[in-house]
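Worksheet: one structure, shown below.
Number of protein chains: 2
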Amino acid sequence: MSGEGISLEELGLAARNHGLPFEALDWDVTPPGLHFLLIHYDIPQVDPTAWNLTIDGAVANSGSIGLDVLRDMPRHTRIVTLECAGNGRALLAPRPVSQPWLLNAVGTAEWTGAPLASLLEHARPDTEAVEVLFTGLDRGVEGGTEQAYQRSLPLPDALTGEVFVAYEMNGAPLPPQHGAPARLVVPGWYGMAHVKWLSSITVLTEPFDGYQQRRAYRFREHADDPGRPVTRMLPRSLVRPPGIPDFLSRSRVVDAGRLALTGRAWSGHDTITGVEVSTDGGETWGDAAVEPAPDRYAWQRWRLEWDAAPGNHVICSRATDDTGRTQPLHPGWNVGGYEVNAVHRVQVEVR
Amino acid sequence: MSGEGISLEELGLAARNHGLPFEALDWDVTPPGLHFLLIHYDIPQVDPTAWNLTIDGAVANSGSIGLDVLRDMPRHTRIVTLECAGNGRALLAPRPVSQPWLLNAVGTAEWTGAPLASLLEHARPDTEAVEVLFTGLDRGVEGGTEQAYQRSLPLPDALTGEVFVAYEMNGAPLPPQHGAPARLVVPGWYGMAHVKWLSSITVLTEPFDGYQQRRAYRFREHADDPGRPVTRMLPRSLVRPPGIPDFLSRSRVVDAGRLALTGRAWSGHDTITGVEVSTDGGETWGDAAVEPAPDRYAWQRWRLEWDAAPGNHVICSRATDDTGRTQPLHPGWNVGGYEVNAVHRVQVEVR
Numbered sequence: 220m221s222g223e224g225i226s227l228e229e230l231g232l233a234a235r236n237h238g239l240p241f242e243a244l245d246w247d248v249t250p251p252g253l254h255f256l257l258i259h260y261d262i263p264q265v266d267p268t269a270w271n272l273t274i275d276g277a278v279a280n281s282g283s284i285g286l287d288v289l290r291d292m293p294r295h296t297r298i299v300t301l302e303c304a305g306n307g308r309a310l311l312a313p314r315p316v317s318q319p320w321l322l323n324a325v326g327t328a329e330w331t332g333a334p335l336a337s338l339l340e341h342a343r344p345d346t347e348a349v350e351v352l353f354t355g356l357d358r359g360v361e362g363g364t365e366q367a368y369q370r371s372l373p374l375p376d377a378l379t380g381e382v383f384v385a386y387e388m389n390g391a392p393l394p395p396q397h398g399a400p401a402r403l404v405v406p407g408w409y410g411m412a413h414v415k416w417l418s419s420i421t422v423l424t425e426p427f428d429g430y431q432q433r434r435a436y437r438f439r440e441h442a443d444d445p446g447r448p449v450t451r452m453l454p455r456s457l458v459r460p461p462g463i464p465d466f467l468s469r470s471r472v473v474d475a476g477r478l479a480l481t482g483r484a485w486s487g488h489d490t491i492t493g494v495e496v497s498t499d500g501g502e503t504w505g506d507a508a509v510e511p512a513p514d515r516y517a518w519q520r521w522r523l524e525w526d527a528a529p530g531n532h533v534i535c536s537r538a539t540d541d542t543g544r545t546q547p548l549h550p551g552w553n554v555g556g557y558e559v560n561a562v563h564r565v566q567v568e569v570r
Numbered sequence: 220m221s222g223e224g225i226s227l228e229e230l231g232l233a234a235r236n237h238g239l240p241f242e243a244l245d246w247d248v249t250p251p252g253l254h255f256l257l258i259h260y261d262i263p264q265v266d267p268t269a270w271n272l273t274i275d276g277a278v279a280n281s282g283s284i285g286l287d288v289l290r291d292m293p294r295h296t297r298i299v300t301l302e303c304a305g306n307g308r309a310l311l312a313p314r315p316v317s318q319p320w321l322l323n324a325v326g327t328a329e330w331t332g333a334p335l336a337s338l339l340e341h342a343r344p345d346t347e348a349v350e351v352l353f354t355g356l357d358r359g360v361e362g363g364t365e366q367a368y369q370r371s372l373p374l375p376d377a378l379t380g381e382v383f384v385a386y387e388m389n390g391a392p393l394p395p396q397h398g399a400p401a402r403l404v405v406p407g408w409y410g411m412a413h414v415k416w417l418s419s420i421t422v423l424t425e426p427f428d429g430y431q432q433r434r435a436y437r438f439r440e441h442a443d444d445p446g447r448p449v450t451r452m453l454p455r456s457l458v459r460p461p462g463i464p465d466f467l468s469r470s471r472v473v474d475a476g477r478l479a480l481t482g483r484a485w486s487g488h489d490t491i492t493g494v495e496v497s498t499d500g501g502e503t504w505g506d507a508a509v510e511p512a513p514d515r516y517a518w519q520r521w522r523l524e525w526d527a528a529p530g531n532h533v534i535c536s537r538a539t540d541d542t543g544r545t546q547p548l549h550p551g552w553n554v555g556g557y558e559v560n561a562v563h564r565v566q567v568e569v570r
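Protein sequence lines correspond, in order, to chains A and B.
Just remember that this note's numbering sits 219 ahead of the position in the first sequence, which is counted from 1.
Just remember that this note's numbering sits 219 ahead of the position in the second sequence, which is counted from 1.
Here it is as structure tokens:
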């Protein structure tokens, strides 16, 4: 099989960066502790009473606010599906060496916070402002460069009204591993934009050229390709594996007869317009029923009845969004292993 | 390095069975979502209002109780460190093919529930009773055998007063992935005994010979060795990696000077009597200060001041308990990869 031979270093990343077990696709909102995690450095332990968020750079009103000020602002609550840009990376051959995600790097949570646009309006960016930089409290070395985790957004994306600084997840204060006491949520974008343990928001008059912007999270076809930035999530769907699992292989055993195949689909570009499902590994396809999204950037449940006949089957699903983007049957390679949204395949033995 | 070449099947298990990030050793009680998870089959979604716990087999009073009855019994709260019996397996060569744990399969939680002894006393086991079998609601195929997850305890171990049926973790109802609505907690024993999604307790007059008792979770030196059952946790200690990490290798960068090395140590057999720490990969050792355990079966914090001089170092820790059991410097091989409690080694560059 392609992609074998994962190293102990990659395994070490897999052990600390949690994935969503596929049966957790059953929940509309992912139970805390089952949402995916990608933590570049260490989880910082932050005292929420001592924490401050600095807003500075090219603004008329720079300053610093505590958690109480953030919580006193109008509450903004959204159900958001969040996926790592590297989801699917471990299916590539040759495999880019980084966090070796199969297809578990996703989760859906209800986040509550304060709109970024309100914070920026109060700070009054200069007319020369082009980007907003977000800095986390997590610090480490990556690609030989010591850094705090930092990512920027173009100013128009920061001002849409969709982006917010979240302090609650599923109705409770953020858990440490999800950025406590406050993190950025950028609905529709891959996870790298949702800066955790947020410590400062800095308005820039030049584009940010830090490691996570210029070297990581760029879609490059070859080593010399300057590439383009990774931004919004491509359409993806996952199959809730039917029946019961084999412990080791995770292949499934299903009793013959009629059953409902289900799963989830999402896209950061636009609404899902269709999910096709195959039970023969992609030879033939049927249209699943797709439920409306509970929120604009939340995953949608799909469902298709299946008359399962004895034998071996491969269940696949393929989502298409309203921009016409769809999932490829096989993963397309790129240097960093980003945006690998090929269809999910689940081995099933019907008996 | 030994143990390279992890397969995609093993990686799939690593993606769904979460490990403790080592920096989470900072917390006395592990934040929810960072405690290790080993889920043999799928996480069942259980309606707590419809759930019942059956107590049957060789008893005078068989019956079935709901969650309300369990919650009305005297509350039993304990802080318990829980470790998977396979922790360290991926460090073996050749590597037993199963969940490929490095050293992250641990966590400490505050569990609340009802004593098993009270339940059994009410049921009145027959005089011929020898074991108590615990059955979970999780179902799958393992080693070619379809099964619900089942494990037994010898009757004397079930009646010590230490074992309990937990319905709360860290002061909240159990999360689905930790066995909601109720699970067994067997303080001091490896994780396989702590049956999740508990559905029945059956008193037996013959030893249980199901898969998880007779085939899995036995310490075998070679394939034909009948082996012995894996029971209580051997002493283990872990190092809280100092400084900041490299994203990929997780090796550490530390500023030269005086700093405190810290970590945790535990044993299911007896209290930890000493933790030795080495900063030169095990050539020389110093005695760490060990704090008392917050509870009989909870991990203990250790601490040692270190004058870090520039250069490369390997930090190790070695725990000994009051039975005289200690950690080996190098892992000892066995067929299933159980009880691999060799010392933890952390690569550090002091600059």
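Idealized CB from N, CA, C, for every residue including glycine.
**OP:** With DSSP collapsed to three states, give me the class of B/P344.
**Re:** strand
Original post:
On the three-state DSSP scale, how would you describe A/Q431?
Top reply: helix
Original post:
Nearest-angstrom Cα distance between B/A286 and B/P250?
Top reply: Here residue 286 of chain B turns out to be Leu, not Ala, going by the sequence shown. Spanning the two alpha carbons is a distance of roughly 25 angstroms.
Original post:
Short check: CB of A/G500 to CB of A/V533, under 8 angstroms?
Top reply: yes
Original post:
Are the C-beta of B/R358 and some C-beta of chain A separated by less than 8 angstroms?
Top reply: yes
Original post:
Name the residues in the region 396-425 of chain B whose C-beta lies less than 7 angstroms from a C-beta of chain A; which are they?
Top reply: Q396
Original post:
Bridge partners of B/Q566, per DSSP?
Top reply: B/V533
Original post:
Taking the alpha-carbon positions, what's the B/E229 to A/L467 distance?
Top reply: 7 angstroms
Subject >> Secondary structure, beta strand (DSSP E): runs of 3+ residues fully inside the region 306-377 of chain B >> reply: 325-334, 350-361, 364-373
Original post:
Should A/P464 be flagged as near chain B, meaning a C-beta pair shorter than 8 angstroms?
Top reply: yes
**OP:** Just tell me which of A/R564, A/G476, A/E440 has its CA closest to the CA of A/E524.
**Re:** A/G476
**OP:** Take the Cβ of A/L339 as the centre, count every other Cβ of all protein chains shown within 10 Å, and call the residue buried at 16 or more, exposed below.
**Re:** buried
**OP:** Taking 8 angstroms as the cut-off, decide whether the C-beta atoms of B/I274 and B/I420 are in contact.
**Re:** yes
Subject >> C-alpha distance - A/S572 paired with A/T542, whole-angstrom precision >> reply: The structure shown has nothing for residue 572 of chain A, since chain A only spans 220 to 570.
**OP:** Flag this pair as yes or no: are the beta carbons of A/R451 and A/R483 separated by less than 8 angstroms?
**Re:** no
Original post:
For A/A561 and chain B, any beta-carbon pair shorter than 8 angstroms?
Top reply: no
Subject >> Neighbour-count burial assignment, A/G390, 16 or more Cβ in a 10 Å radius >> reply: exposed
**OP:** Give the interface partners of B/H215 over in chain A, defined as CB-CB distance under 7 angstroms, in chain order.
**Re:** Residue 215 of chain B is absent from the model: chain B starts at 220 and stops at 570.
**OP:** Indicate whether at least one CB of chain B lies closer than 8 angstroms to the CB of A/L289.
**Re:** no
Subject >> Helix, strand or coil at B/S226 [DSSP, three-state] >> reply: coil
**OP:** Please specify which runs of the alpha helix (DSSP H), each continuous and at least 4 residues long, are wholly inside the region 425-509 of chain A, giving them in chain order.
**Re:** 430-433
Original post:
Interface residues of chain B around A/L321 at Cβ under 8 angstroms?
Top reply: L227, L230, G231, A234
**OP:** For the region 307-319 of chain A, enumerate the residues whose C-beta is nearer than 8 angstroms to any C-beta of chain B, in chain order.
**Re:** A309, V316, S317, P319
Original post:
Based on the DSSP output, what are the partners of B/N553 in its beta bridges?
Top reply: Paired residue(s): none; B/N553 is not in a bridge.
Original post:
How is A/H295 classed by DSSP in three states: helix, strand or coil?
Top reply: strand
**OP:** Closer than 7 angstroms by beta-carbon distance: list the chain B residues that pair up with A/S468, in chain order.
**Re:** E228
Subject >> Contact with chain B by A/Q566, beta-carbon distance below 8 angstroms >> reply: no
Original post:
Excluding five sequence neighbours on each side, which residues of the same chain lie with their C-beta closer than 6 angstroms to the C-beta of A/V565?
Top reply: V458, P460, I534
Original post:
When we look at the beta-carbon of B/T424 and count the other beta-carbons within 10 Å, is it buried (16 or more) or exposed?
Top reply: exposed
**OP:** Buried or exposed for A/E440, please, with buried defined as at least 16 other CB atoms from any protein chain shown within 10 angstroms of its CB.
**Re:** exposed
Original post:
By DSSP, does A/R574 sit in helix, in strand, or in coil?
Top reply: Nothing about residue 574 of chain A can be read from this structure; chain A reaches only from 220 to 570.
**OP:** Could you work out which residues of chain B lie near A/I262, taking near to mean beta carbons separated by less than 7 angstroms?
**Re:** P240, E242, A243
Original post:
How is B/P392 classed by DSSP in three states: helix, strand or coil?
Top reply: strand
Original post:
Can you find a C-beta in chain A that's less than 8 angstroms from the C-beta of B/E361?
Top reply: yes
Original post:
Can you tell which of B/Q366, B/P547, B/M411, B/G307 has the C-alpha that lies nearest to the C-alpha of B/E495?
Top reply: B/P547
Original post:
Is A/A561 closer than 8 angstroms to A/G282 when the C-beta atoms are compared?
Top reply: no
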